[in-house]
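No gaps in the numbering here: position 25 of the sequence shown is 25 in the numbering used here, and each next residue is one more.
C-beta atoms are modelled at their ideal positions from N, C-alpha and C, and glycine is treated no differently.
A quick note: this is a predicted structure, and the numbers were derived from the prediction, not measured.
Just below is one structure, and these are the notes that go with it.
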Amino acid sequence: MNPGIPLDNLSAETPEYTVNWFASARPVWDTLLPHLDARLVLEIGSYEGTSACYMIDVLGRKAPLEIHCIDHWNGGAEHRVADVDMNQVEQRFRRNTAISVSNSPFPVQLHIHKGNSESCLGALLSHQPKPQFDFIYVDGSHQAADVLLDASMAFRLLRVGGIMVLDDYLWHETPAGIRDPLAVPKMAIDAIINCHFNRLRIISAPLYQIFLQKLAD
Numbered sequence: 001m002n003p004g005i006p007l008d009n010l011s012a013e014t015p016e017y018t019v020n021w022f023a024s025a026r027p028v029w030d031t032l033l034p035h036l037d038a039r040l041v042l043e044i045g046s047y048e049g050t051s052a053c054y055m056i057d058v059l060g061r062k063a064p065l066e067i068h069c070i071d072h073w074n075g076g077a078e079h080r081v082a083d084v085d086m087n088q089v090e091q092r093f094r095r096n097t098a099i100s101v102s103n104s105p106f107p108v109q110l111h112i113h114k115g116n117s118e119s120c121l122g123a124l125l126s127h128q129p130k131p132q133f134d135f136i137y138v139d140g141s142h143q144a145a146d147v148l149l150d151a152s153m154a155f156r157l158l159r160v161g162g163i164m165v166l167d168d169y170l171w172h173e174t175p176a177g178i179r180d181p182l183a184v185p186k187m188a189i190d191a192i193i194n195c196h197f198n199r200l201r202i203i204s205a206p207l208y209q210i211f212l213q214k215l216a217d
């Protein structure tokens with residue numbers, strides 16, 4: 001937990017979000033997450049904390065929770081084009097998650113890994129004993145090469161029987177006629193599914209996100 005944010009009186013505070021990307025995914029998560037026994041959770045790409053706070057609010061309602069969030073808070077190309085102040089985004093993340101932690105009826109250990117996902121995931125993989133996450137949400141870079149690396153490393157950190165959600169399967173930033181297949185996640189997500197086809201199953205859900213369950217190491 002970030003020691004710079006006092007938890008006193010946060011229970012009366014209201015989270016602040018400037019975007020609502022998670023709204024389209026929430027109906028599926030509302031169906032899935034309450035039924036999961038997920039006590040060790042990993043998120044790659046946290047932004048303002050919308051999904052992290054959702055997981056704390058839902059999973060922390062049932063049992064103690066440990067959640068790891070990875071983000072460098074430098075933003076991507078789309079954020080630079082829009083001139084987004086990423087320092088403010090990071091501060092909103094820290095405040096929003098602090099509010100959810102303070103409101104949780106069960107203890108929540110929030111680990112914030114500030115840095116690029118390759119380094120942070122590598123550190124988790126090299127840790128002994130290696131953590132075995134119950135639930136992993138991959139929502140970092142939109143570049144195919146980055147998504148492929150994040151998902152490959154994350155799959156190794158997922159326990160057998162655990163669930164991994166890969167975001168932005170059909171995301172694109174440009175009109176259909178000039179899309180760059182290397183600048184969208186779909187190619188990488190398809191590669192992960194194909195490479196591990198005998199070690200996973202796809203959970204039926206709307207195609208904007210892909211839900212996988214790991215069947216074997």
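| query | result |
| --- | --- |
| Pick helix, strand or coil for K186, following the three-state DSSP scheme. | helix |
| Short of 6 Å in beta carbon distance, which residues of its chain neighbour A52, apart from the five on each side in sequence? Order them along the chain. | E43, S46, C69 and T97 |
| Give every residue of the same chain whose Cβ lies closer than 8 Å to the Cβ of A216, excluding the five residues on either side of it in the sequence, and list them in chain order. | V160, N198 and R199 |
| What residues match up with M164 in a beta bridge as DSSP calls it? | I136 and L212 |
| Can you tell me whether V41 is helix, strand or coil according to DSSP? | strand |
| Flag this pair as yes or no: are the beta carbons of V138 and L166 separated by less than 8 Å? | yes |
| What does the Cβ neighbour count give for V89, buried or exposed, with the cut at 16 atoms within 10 Å? | buried |
| Does V19 come out as helix, strand or coil in the three-state DSSP assignment? | coil |
| Going by beta carbon distance, what residues of the same chain come within less than 7 Å of Y169, once the five residues before and after it are set aside? | P185, K186, I189, L207, Y208, Q209 and I210 |
| Under a Cβ-count criterion, where at least 16 other Cβ atoms within 10 Å of its own Cβ denotes burial, should N20 be classed as buried or exposed? | exposed |
| How is R199 classed by DSSP in three states: helix, strand or coil? | helix |
| If you measure between the beta carbons of I163 and L110, is that distance less than 8 Å? | no |
| Between the C-alpha atoms of L149 and I193, what's the straight-line distance to the nearest angstrom? | 13 Å |
| If you drop the 5 nearest sequence neighbours on each side, which residues of the same chain put their C-beta closer than 7 Å to that of N87? | none |
| For L7, count neighbouring C-beta atoms within 10 Å of its own C-beta (all shown protein chains included) and say buried if the count is 16 or more, exposed if not. | A caution first: L7 carries a pLDDT of 46, below 50, which makes its placement in the model unreliable, though a value can still be read off. That one is exposed. |
| To the nearest angstrom, report how far apart A154 and L121 are at their CA atoms. | 7 Å |
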